[in-house]
Amino acid sequence: MIEAPDLSYAALAPLLFLFGAACVGVLVEAFAPREARHPAQVAVALVGTVGGLVSAILLAATRDLSGDGAEVTADGALAVDGAGIFLQATIAGLGALSILLFAERSLDPARSSFVASAAVPAGSPRDRELLTADRVQTEVYPLATFAIGGMMLFVAANDLLVMFIALEVLSLPLYLICGLARRRRLLSQEAAVKYFLLGAFASAFFLYGLALVYGATGSVRLSTISESVTTGGGDTLLVLGLALLIVGLMFKASVAPFHTWTPDVYQGAPTPVTAFMAACTKVAAFGAIMRLLYVGFGTDEWTWRPLVYGIAIVSMIVGAVLGLTQTDLKRMLAYSSIAHAGFLLTGVLGFDATGDSPGLAATLFYLLVYGLTTLGAFAVLTMIRDGDGEATHLSQWAGLAQRAPVVAAVMTLFLLALAGIPLTSGFTGKFAVFRAAIDDGAWPLAVVALLASAVAAFFYLRVVVLMYFSEPLADGPTVGVPGLPTTIVLAVTAAATLVLGIVPGSVLDLAGQAANLVG
Amino acid sequence: MTIAYYLVLAAILFTIGAVGVLVRRNAIVVFMCVELMLNAVNLTLITFARSTGTVDGQIIALFVMVVAAAEVVIGLAIIMSIYRTRRSASVDDANLLKY
Amino acid sequence: MNSFPFLLLMIVVPAVGAAVVAALPRGRDLLAKQIALGVSLVVLLLAVLATVAFDTDGDRFQLTSSVSWIDDFGVSFALGVDGIALVMLLLVGVLVPVVIGASWDDEPVGNRSMTVFFAWILLLEAMMVGVFAATDVFLFYVFFEAMLVPMYFLIGSFGGPRRQYAAVKFFLYSLVGGLIMLAAVIGLYVVSANQGEGSFAFEVLNAIDIDPDVQKLLFLGFFVAFAIKAPLVPFHTWLPDAGAEAPVGGAVLLVGVLDKVGTFGFLRYCLPLFPDASRDFAPYVLVLAVAGVLYAALLAMGQSDMKRLVSYTSVAHFGFIALGIFAFTTEAGTGAVLYMVNHGIATGLLFLVVGMLIARGGSRRIADYGGVAAQAPVLAGVFLIAGLASLALPGTNSFVSEFLVLVGSFPTRPVFTILATVGIILAALYVLLMYQRTMHGPVRGLMDGQGLTTPGTGEPTAPAGSSGATSATATATATATATATATATETVTSARWMPDLSRREIAVAAPLVALIIALGVYPQPLIDLIEPAVAATVDDVGGDPGGTVPEIGTNGADTSGAETEAGN
Amino acid sequence: MDTVPADGLLSASWLLIALPLAGAAVLLLGGRRTDRWGHLLGTGTVVAAFVLALACTLQLDERQVAVDLFTFIDSGSLDVRAGLLFDPLSAVFVLLITGVGALIHVYSIGYMAHDPRRRRFFAYLNLFVAAMLLLVLGDNYVALYVGWEGVGLASYLLIAFWHERPAAATAAKKAFIMNRVGDVGLALAIFVMFAQLGTVTYEGVFGSVGLLAGGTVTAIGLLLLLGACGKSGQFPLQAWLPDAMEGPTPVSALIHAATMVTAGVYLIARSAPIYDLTETARTVVLAVGAVTLLIGAIAGCAYDDIKKVLAYSTVSQIGYMFLAVGLGPVGYAAAIAHLLAHGFFKAGLFLGAGSVMHAMDDQVDMRRFGGLARKLPVTFVTFGLGYLALIGFPFLSGYWTKDAIIEAALDHGGAWGWVLGGVAVLGAGLTAFYMTRLMLMTFFGRARWAPSAPGRPTPHPHESPSVMTSPMVVLAIGSVAAGFLLVQAFPLDEWLTPVFGEPEEAEHVVAPALVGIVVTAVMALGVLAAWLFVGRREVPAVAPERVSVVTRAARKALYADTINESLFMRPGQWLTRALVWVDNRGVDGAVNGMAAALGGSSSRLGRTQTGFVRTYALGMLGGAVLVAGALLAVTAG
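Chains as they are written, first to last, in our numbering: chain A, 2 to 520; chain B, 953 to 1051; chain C, 5 to 572; chain D, 77 to 713.
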């Protein structure tokens, strides 16, 4: 006879908001009349995400999460601690912004970037007539909400099983919405297939790792694992398990050599979805990575440290170098995200068992600023359009600054931030993680990272060169007038990029206070 | 030392699945190979549950089955949609996105 | 008086000015120019007042102000100047108005608006002031990098035909250096944190003593960045491209001020913070410096493009500066700082007058000119003065600095000094070669008047021609220029086509000429300003701040004694 | 000899420099406004300076007067003050510069009358006078260096005054560059002084130079000599001086004959306390002087360009002066004496040549002159007197001053003494030869006048205006009397005692009278030879091709230019081209190559992104294996 575990609902409020909203979304889908669905779904999704954000902030405000306010609930399955809540808030916030991007209806003459009816085969007559239809596959909103919920669960999971469930909950909806592009459906569907197959493959690895760890320690609870690690570290089963778990997580975080899906999926998926993945998935994945490595295997750091060290270098180099020759902006940003994954790992390395290292805080901050910046960059991408959807080929951006100075300026801001130029948030983030790494004696890694970011700077600059220093094409793309949602997104992200670059103090403090994990 | 046999078997099954993913072209089959991997894991879990004398393993296995079922639904939906467009379920045909 | 926030204002005023100018609607170019000029003059005034408020025998850093900026990083927005920084600020204050005046009649490439140009210039000024006035290493780094952006856009948007290549090359080169420096900056912070409260404040960092091996690494981190910025051979190849493609105004600021950040960094950061490493690496640095003096001078002689030539001369001059800095004597150091200022003035003028010539001829090729002196004597005269200043003729400002550098380096580094002294012959060669080819001799190249237009007024023809500047043949360029500008005026074949300097151009050149002569005859005020700071630096690095007073006759012919004295 | 601070008029001696400088400034900044009266202002400033100099000198009465103006450079232990030193030596030079300078200014009023840029010409002349005065008046080596390069600039500007002529422009550049080579020596000498003695003032250096090791002193001496050679056109840096004749003739007279080129002599004489300590350096000076003396004389014999002949004569005469200063204390006074005398007659000769060119439509080829004696009486007489003075005709200037040097050379004693004396005597003979040749070809024989250029009329020689001839007359008188005055009437060596110390009476190897006779005889031989070779026969209109090796060598000035070009110029150009290639291909190429390599590897790596799911899966599997392997390796190891 098992008695139900006691749940601290206050601590779970953010999650409840999201999953609640998702369920409501499903009901709306089932019962609301078609024309009312879209606004209703958007409303529900926003309520859910914003609610999650607010509740997370309230949670952080009301209790001292860095101290005794931190707890494990749901019978130890969920951790409620500074880092967890910070990441949940980040994900919820970025998720809300992504939802806004989803909801944009005035940019595309076809009224949405999502397919009217996914069931209709691409290219069929029905599909063509639906292309400009007002209909939208509004399921994307509940799906996205589920994904966000899954992500927030992912970063709070204190238990490998929960982590696995969360992984699936966040992945499955993503697989689907990747395939829901209104234009270029073939690419979109291909992206979905690739993402799905590889994702499933990766989660199988994760699962096998889980099993091995379970076998080695007799438990999937991170705290228990770390205990047995301290006593009997170096057990082959355990190590193998850890390896496979890392593989599964690195896949989600699109770290080389598990990055291969990233460019294809980023390019094929509808741009708002790409933005969503680039921003939120990364946050979630790294949240999980840190929880696993710090909480589960923190006492055994010298096992995984060299590995992460190497992976970080590979990821930075692969991302930076392959980005050089990309001609498609979405693909280029995909490689940039791979490089950034490497930079984030540099921050992850800034960790020592004593716990008072800046690595965690730095990574938290970096995740936030990177998410905002990349979201903004993709948001700009949605505005530059030609007859066939977004004009993502580099050559189409030539001389953009003369046609749309403001848009070009905003894009330049994001690119400079991604390149890590001072007075942008990107620099603050880079500085934080590199400081953490060097503080931990990993200065060679930091130097490699800096050189890599110099290489990466080249392809960011190339876009600036095109926008400003080249003469515009005769039949260049048009710059759509964004509706309210996209405008909000751009305003928020651009403002954040500047503010976090010039006066990042308060947010850094926040990350600093939030930087604790409970086992 | 019977435990080892189960584990080895599971490992073999897992490897077969993984190799299958690499060598088969038909999306459905590839996906089935993934399923095979999952079930290999299940076997491992059950074995460990037995060896460690805890029920967690069995419970996890149940969870995995549910997840796998959900995955099947999603996966088949995606594969179906692309199949209806391309009239082919070969994963090698889907390579518009590259480099 | 010292409580008055000169430095802060010198950053804020141009920054705000830039915002205002940028916000102006298209077409209000004249207003933009007037605002820009006004703002830059205000900054100049502030710089002068700051100099007045500066007490030469006071603390090392004065006019200081510090507010905490990013607590987590221990960063504070700390400003303050020593004599070195102060004279650089004066240089900035002088050059920017001149540049604005010089660019007054420029026409943008394509359908860009010149208001943007002036906005960038003002923003650049703010950054430059910041980089010299920062007393917090982090803050310095921020300005150091952020400074790239305005210059990047100046080159890329308003530059010559290969501006994209030049701009990207400039940016990446500096960025690589900067990022390596960033690693060192962080490392410095970590070191300070290990020794107590982590901080970026120069004063704090200067106080702590760092393990020699760590010093070596950190020194290299800073050094590479500064060596690229300065630039020293072999990190110099970006400068000829950038200098040649940048608009004249941009080139003046680039070579005149931006690159000085490198040598400034040597003095402000490398020497005081890493004295041991500085001493260990000094010989190698000196090799680079002297190599630069000779190598770049020879290269300058081989150039066919005037702006490239001037850029290479700057590389040679930076060699002299580096020599002065790494000789670790007060005289040489003072000379080096003075050299930074003088080089900014002299080469600035040289770039300006070359630009005026190009504005008339529409070509950067030396071969396209000849016998200009006969037609535009004033232009030729200014050209000559600039040239003589850059070959350090006594009576011009550069002589004082070059003499100080060499005479100060000789006691400690005789061999390097002798080699560098040979460089003054080469300097004479490249200057006089260019002068003879363009100004002397019979009317030649573009100058034969074939198909060139007579600008009705004395105004120079817009650099529309410079678009075709590097086209293969002079005549082709000439006709291109003609077609570009000969819309209204008919082409004439008389040799008397090249107008002399307009009033505006004279007004632009006059202040610099005056400074060249004045500082050449009576440099002592500047020296008094500079010397204390340099002496302090030399003291940090273990030299004798009092100067290199020898015991007469004891050490006889060999100066090895002095050398070891600097070498230990 | 201690210096005293200036008082009275002497304290205003800075005006000597300020006046001409102000003149130059006004003329240059004033622009066309000053065209009408510019030349008068220019002349006025120099005349005023001359008067002032005279007054100062009369007040001087054997003292060394220091005028401290302001701090020029004071940093660390280096303290350079802008100060003047007015002592007998500088006084002599100041008088020469301002005196001859004033005369030549006057002459130029006429000579440049028709030049549209006359104003600028006078500005440059003023600039030169100012710089030259600073050179001789400065009380430290830095001030001297400033003046040193200042006169170099003025010389550059004036040689290139007709810069439309490529030859002029090139000659100017050549002069400046070769001077710079010398300047490096001077600069290094200053560095050594500072490094060793911590001071650069004459007083300080001379006071403590004795404490230095011999090697150092010799080094200083040789470096100073290098500077002197550059400025004075001495071997091996003599090649620029003849080319400098591209400048207007007054320039040749003032700068490249009377004053600037003698700065080297001044430098060595001024540095007497240093040279007194280093036999080696002195010997080198002697050798340089002797060699140059001969080179100049030989080259002078072969040229047909009247100005070039005079130029090489200058080179040769300055060789005499170097020879003299090289002899040490006995020679200083003689050298200065010869320098002054030379200043008079050589300036006169150049002005005469200018007058001839004026008459002959600016031609310089003596083969197209001839028979001008009747047409240009005044020029002929003044020129003739200068000629006699130069070749050392008894009891004219050259006779006294040159004999003094030859005697001193012989008295040097030993084989050296005989060699030097012999060279000096031989030089005297050669001088007589080439000058007589010049006289004969120019003023005697049949008129061989021809148009200067196709289409131009054959010139009709006429005497120059009085504004030009009067200076020539004055100088002619000077060249007649100077020698006697300086050597016999008011002995210069006594006047210079405060600077060089008591002139010790050297015991004569050869009796002075005998020397006089020998030299005169040699001179007569030279004249005779000239008459035999040139005077008797017809002068061909073009130089004959089939001539002896010696002549051919002489015509090429003993291949000085050839050597310079093949040794420095061509290798330099080659090196430059090579380095440019290296910089573009090598240094820059490395950078661009790195970028290209990155790009290449990028596209090559990009190929791995095949777009096939199965490839990706394989990659992941491989990655997984690697990760597992790595972790196991770590735990195992």
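Ideal Cβ positions, reconstructed from N, Cα and C, are used throughout, including at glycine.
Consult DSSP for residue i and reduce its assignment to one of helix, strand or coil.
{"i": "A182 (chain A)", "result": "strand"}
{"i": "N159 (chain A)", "result": "coil"}
{"i": "G419 (chain D)", "result": "helix"}
{"i": "T335 (chain D)", "result": "coil"}
{"i": "E509 (chain C)", "result": "helix"}
Use the C-beta contact count for residue i: other C-beta atoms within 10 angstroms, 16 or more gives buried, fewer gives exposed.
{"i": "D59 (chain C)", "result": "exposed"}
{"i": "Y439 (chain C)", "result": "buried"}
{"i": "F32 (chain A)", "result": "exposed"}
{"i": "L415 (chain D)", "result": "buried"}
Rounded to a whole number of angstroms, what is the C-alpha to C-alpha distance between residue i and residue j?
{"i": "I92 (chain A)", "j": "L369 (chain A)", "result": "9 Å"}
{"i": "A500 (chain D)", "j": "Q564 (chain D)", "result": "22 Å"}
{"i": "R272 (chain C)", "j": "V464 (chain A)", "result": "36 Å"}
{"i": "F426 (chain D)", "j": "T325 (chain D)", "result": "7 Å"}
{"i": "A80 (chain A)", "j": "D236 (chain A)", "result": "26 Å"}
{"i": "V716 (chain D)", "j": "A178 (chain D)", "result": "Examination of residue 716 (chain D) is not possible in this model, given that chain D is present from 77 through 713 alone."}
{"i": "G407 (chain D)", "j": "A251 (chain D)", "result": "29 Å"}
{"i": "L181 (chain A)", "j": "R166 (chain C)", "result": "44 Å"}
{"i": "V222 (chain D)", "j": "L154 (chain D)", "result": "16 Å"}
{"i": "L509 (chain A)", "j": "D75 (chain C)", "result": "9 Å"}
{"i": "E207 (chain C)", "j": "G348 (chain C)", "result": "28 Å"}
{"i": "A970 (chain B)", "j": "V986 (chain B)", "result": "7 Å"}
{"i": "L1014 (chain B)", "j": "E105 (chain A)", "result": "41 Å"}
{"i": "L697 (chain D)", "j": "T261 (chain A)", "result": "12 Å"}
{"i": "V133 (chain C)", "j": "L11 (chain C)", "result": "8 Å"}
{"i": "F366 (chain A)", "j": "G665 (chain D)", "result": "40 Å"}
Would the C-beta of residue i count as close to the ligand GDP, meaning under 7 Å from any of its heavy atoms?
{"i": "F332 (chain C)", "result": "In terms of ligand content, the structure shown is empty, and the ligand GDP therefore cannot be addressed."}
Would you mind working out which of the options sits nearest residue i, comparing C-alpha positions?
{"i": "E355 (chain D)", "options": "D:V293, D:H115, D:G303", "result": "D:V293"}
{"i": "A409 (chain A)", "options": "A:A57, A:D135, A:L491", "result": "A:L491"}
{"i": "P549 (chain C)", "options": "C:A424, C:T334, C:F278", "result": "C:T334"}
{"i": "A339 (chain D)", "options": "D:L262, D:Y379, D:I266", "result": "D:L262"}
Anything in the region 433–444 of chain A with a Cβ closer than 7 Å to a Cβ of chain D? List those residues in chain order, please. Those residues of the region 433–444 of chain A placed with their C-beta closer than 7 Å to a C-beta in chain D do not exist.
message: By the 8 Å beta-carbon criterion, what residues does the region 131–150 of chain D contribute toward chain C?
response: Taking 8 Å as the Cβ-Cβ cut-off against chain C, the residues of the region 131–150 of chain D that qualify are F146, T147, F148, I149, D150.
For the region 189–200 of chain C, enumerate the residues whose C-beta is nearer than 8 Å to any C-beta of chain A, in chain order.
I190, G191, Y193, V194, A197: these are the residues of the region 189–200 of chain C whose beta carbon lies less than 8 Å from some beta carbon of chain A, given in chain order.
*asked:* At a CB distance below 7 Å, what residues from the region 682–695 of chain D approach chain A? Give them in sequence order.
replied: Per Cβ criterion, the list reads G682, Q685, G687, V689, Y692, A693, G695.
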